[in-house]
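J.: Just so you know, numbering that gives the first Met the number 0 puts 406 at position 407 of the sequence shown, and the rest follows in order with no gaps.
C-beta: ideal position from N, C-alpha, C; glycine also.
Once you've had a glance at the structure underneath, I'll fire off some questions.
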Amino acid sequence: MTTNTVFLLFCAVLLVLGGIAFTLSRAKAARVRATGTTMHAQPDQYAWFAVLVTAGPALLVSALGAFVLLLMGADIPTFYLLAASLVIALIGLVMGLNQVRSDFHARRAIEGVIRKLLAAAAMISILTTLGILLSIISEALRFFQMHSFWDFVTGTTWNPGASFLSAAGRGDEGGSAAQFGSIPLFAGTFMITLIAMLVAIPFGLGAAIYMVEFAPLRIRKAAKPVIEVLAGIPTVVYGVFAALTVAPLVVDIAGLFGLDASYSNALAPGLVMGIMIIPFISSLSDDVINSVPNSLREGALALGITKAEMVRNVVVPAAAPGIISASLLAVSRALGETMIVVMAAGMRPNLTANPLEDMTTVTVSIVAALTGDQEFESAQTLSAFALGLVLFIVTLTLNVVSVFMIRRFREKYRVNNL
0 MTTNTVFLLF CAVLLVLGGI AFTLSRAKAA RVRATGTTMH AQPDQYAWFA VLVTAGPALL
60 VSALGAFVLL LMGADIPTFY LLAASLVIAL IGLVMGLNQV RSDFHARRAI EGVIRKLLAA
120 AAMISILTTL GILLSIISEA LRFFQMHSFW DFVTGTTWNP GASFLSAAGR GDEGGSAAQF
180 GSIPLFAGTF MITLIAMLVA IPFGLGAAIY MVEFAPLRIR KAAKPVIEVL AGIPTVVYGV
240 FAALTVAPLV VDIAGLFGLD ASYSNALAPG LVMGIMIIPF ISSLSDDVIN SVPNSLREGA
300 LALGITKAEM VRNVVVPAAA PGIISASLLA VSRALGETMI VVMAAGMRPN LTANPLEDMT
360 TVTVSIVAAL TGDQEFESAQ TLSAFALGLV LFIVTLTLNV VSVFMIRRFR EKYRVNNL
């Protein structure tokens with residue numbers, strides 16, 4: 000039998016054993032209860048506990064075996080692994096039946112299992128993040144053994160292609176060496192992100208304030224879904240729109256003022272990215288503003304101030320921590336965007352403060368480094384991990400700063416309301 004057949008057979012047998020455990024445990028609990036014995040749980044709860052001890056350990060053993068088999072390269076026959084899991088399931092079935100007694104709290108046991116499963120789910124996300132970080136760090140350290148970290152974070156020229164030429168034996172012909180100065184990449188990333196935020200934050204926050212505080216109910220019901228539809232549009236569509244519509248429009252408008260603009264300029268993807276991010280800020284800010292207690296609004300209006308003054312002086316300060324969180328989430332979204340930049344801003348590392356020129360971002364360079372023809376051991380490929388590590392540090396710094404800002408706003412708001 001093939002591996003897939005064995006696996007399907009294992010699932011079917013485990014499902015049957017779970018059904019048997021449920022039926023027998025429920026029937027036994029009902030018989031004990033019928034004798035007048037006081038039970039600490041319902042028959043269904045004893046039945047579900049039996050299912051958990053039957054299927055849970057078996058699934059855990061099979062998952063651990065698959066982990067050892069796939070990641071550690073151990074030579075374990077699949078049939079023996081699944082057979083051992085079924086034996087453990089049978090042992091669990093017997094144990095589950097033996098636990099159907101008056102002094103056993105099946106409900107508490109099930110709640111304990113659920114708490115452990117939820118804790119395991121939380122730990123999986125944390126361990127996954129740590130695994131990603133460790134993998135990036137390990138490869139980035141290999142890159143920094145080839146090139147100076149100081150030159151990487153302070154260099155102003157990004158030319159990793161020269162390393163490929165050198166590896167091919169053509170590096171001496173042009174007299175150039177690989178240069179991995181990341182400042183142009185991060186400058187382009189921050190430039191496009193800044194443009195996007197200058198569009199997204201005012202319009203997104205303004206839309207949220209209008210929808211919550213000023214819009215009639217019929218307009219809110221019609222406009223809110225339309226705004227949120229923007230979040231479901233694929234980024235490649237935004238990229239096409241930026242490259243074919245917005246970029247030529249930017250060039251034409253710049254020409255009216257006597258300015259030279261490249262068709263692969265940074266302003267076009269920044270504007271389109273800001274439009275793409277508006278639903279994120281609008282939706283999150285909408286929820287935050289809605290959570291402000293109505294008593295604050297009513298008390299402010301009772302003092303005789305206008306509704307606009309109430310929004311500016313009461314609602315927005317009360318919702319400021321959530322608005323900051325929404326804005327920083329949007330910043331993280333903009334920092335990681337790739338497709339719009341590739342299609343509208345180009346891939347040339349260009350250190351400039353002029354948004355009408357072409358430039359690229361860190362994420363685009365990471366994609367270019369990992370999808371080329373060079374070997375994985377080359378400096379050009381490993382540079383992607385170094386860029387990812389620095390970008391991770393930048394994003395982490397923004398998150399830490401946001402936490403302090405949110406705490407400060409909350410403390411200031413509490414002091415002002417004492």
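Note down, one range per segment and in chain order, each alpha helix (DSSP H) of at least 4 residues found wholly within the segment 311 to 343.
T.: Here the runs fully enclosed are 315 to 334 and 338 to 343.
J.: In this structure, how does DSSP classify residue 172 when only helix, strand and coil are distinguished?
T.: Any reading at residue 172 must be qualified, since the residue scores a pLDDT of 46, below 50, and its modelled position is unreliable; no value is offered.
J.: Is the Cβ-Cβ distance between residue 253 and residue 190 less than 8 Å?
T.: Going by C-beta atoms, residue 253 is not nearer than 8 Å to residue 190.
J.: When you compare only the Cα positions, how much space is there between residue 56 and residue 27?
T.: If you take the alpha carbons of residue 56 and residue 27, they lie about 22 Å apart.
J.: From residue 385 to residue 275, what distance separates their C-alpha atoms?
T.: Roughly 28 Å between the two C-alpha positions.
J.: From the DSSP output, in three-state form, read off residue 144 for me.
T.: If DSSP states are grouped into helix, strand and coil, residue 144 belongs with the helices.
J.: So, does the segment 323 to 332 touch the segment 182 to 196, judging by three or more C-beta pairs under 8 Å?
T.: Short answer: they touch.
J.: Alpha carbon to alpha carbon, how far is residue 315 from residue 353? Give it in angstroms, no decimals.
T.: If I take the Cα positions, the gap works out to 34 Å.
J.: For a minimum of 4 consecutive residues, which ranges assigned as the alpha helix (DSSP H) are wholly contained in the segment 69 to 142?
T.: Runs of the alpha helix (DSSP H) inside the segment 69 to 142: 77 to 97.
J.: Assign residue 398 to one of three DSSP states: helix, strand, or coil.
T.: Note: residue 398 maps to helix in three-state DSSP.
J.: Just how far apart, CA to CA, sit residue 228 and residue 199?
T.: Going from the Cα of residue 228 to the Cα of residue 199 covers about 15 Å.
J.: In chain order, what residues of the same chain have a beta carbon less than 6 Å from the beta carbon of residue 404, not counting five sequence neighbours either side?
T.: Contacts found: 323.
J.: Assuming residue 334 and residue 394 form a contact by the criterion Cβ under 8 Å, report the distance between their Cβ atoms to the nearest whole angstrom.
T.: Indeed, because the Cβ distance is near 6 Å, the residues count as touching under 8 Å.
J.: Less than 8 Å between the beta carbons of residue 203 and residue 281, yes or no?
T.: Yes, the pair counts as a contact, with Cβ atoms nearer than the cut-off.
J.: For residue 185, does the three-state DSSP call read helix, strand or coil?
T.: Residue 185: helix per DSSP, three-state reduction.
J.: How about residue 178 and residue 205: do their beta carbons lie closer than 8 Å?
T.: No, these two residues do not count as a Cβ contact at 8 Å.
J.: Count the C-beta pairs between the segment 42 to 50 and the segment 94 to 107 that are closer than 8 Å, then say yes if the count reaches three, no if not.
T.: Yes, the segment 42 to 50 is in contact with the segment 94 to 107.
J.: Applying the 10 Å Cβ sphere with the 16-neighbour rule, what's the burial state of residue 375?
T.: Classification of residue 375: exposed, given that the 10 Å Cβ count is below 16.
J.: Tell me which residues share the same chain as residue 239 and place their Cβ nearer than 8 Å to its Cβ, disregarding the 5 neighbours each side in the sequence.
T.: Counting only Cβ-Cβ distances below 8 Å, and skipping sequence neighbours, we find 342.
J.: For residue 173, count the other beta carbons within 10 Å of its own beta carbon; 16 or more makes it buried, fewer makes it exposed. Which is it?
T.: Model confidence at residue 173 stands at a pLDDT of 45, short of 50, so the residue's coordinates are unreliable; what they give is reported in the following sentence. With fewer than 16 other Cβ atoms within 10 Å, it is exposed.
J.: By how many angstroms is the C-alpha of residue 197 removed from the C-alpha of residue 321?
T.: Between residue 321 and residue 197, the C-alpha separation is close to 18 Å.
J.: Look at the alpha carbon of residue 211 and the alpha carbon of residue 301, and state the distance between them as a whole number of angstroms.
T.: Roughly 19 Å separates the two Cα atoms.
J.: Give me, in chain order, the residues of the same chain whose beta-carbon lies closer than 6 Å to that of residue 80; leave out the 5 immediate sequence neighbours on both sides.
T.: Correct list, in chain order: 64.
J.: Taking its Cβ as the centre, do 16 or more other Cβ atoms sit within 10 Å of residue 349, making it buried, or is it exposed?
T.: Classification for residue 349: buried.
J.: Quick check on the burial criterion: 16 or more other C-beta atoms within 10 angstroms. Buried or exposed for residue 25?
T.: That one is buried.
J.: Closest to residue 232 by C-alpha separation, out of 221, 135 and 279, would be which residue?
T.: That would be 279, whose Cα lies nearest to the Cα of residue 232.
J.: Would you decide whether residue 167 is buried or exposed? Buried here means 16 or more other CB atoms lie within 10 Å of its CB.
T.: The predicted position of residue 167 is uncertain, since its pLDDT is 48 and thus under 50; no value can be drawn from it.
J.: Let me check understanding here. Comparing Cα to Cα, which of 113, 100, 99 and 12 lies closest to residue 83?
T.: Nearest C-alpha to residue 83: 12.
J.: Quick one: what's got a C-beta closer than 8 Å to residue 101's C-beta in the same chain, skipping five residues either side?
T.: Cβ neighbours of residue 101 beyond the five flanking positions: 31, 36, 37, 38 and 39.
J.: Run through the DSSP bridge pairs and tell me what residue 375 is partnered with.
T.: Partner(s): none; residue 375 has no beta bridge.
J.: Please report how far the alpha carbon of residue 143 lies from the alpha carbon of residue 337, in whole angstroms.
T.: Between residue 143 and residue 337, the C-alpha separation is close to 25 Å.
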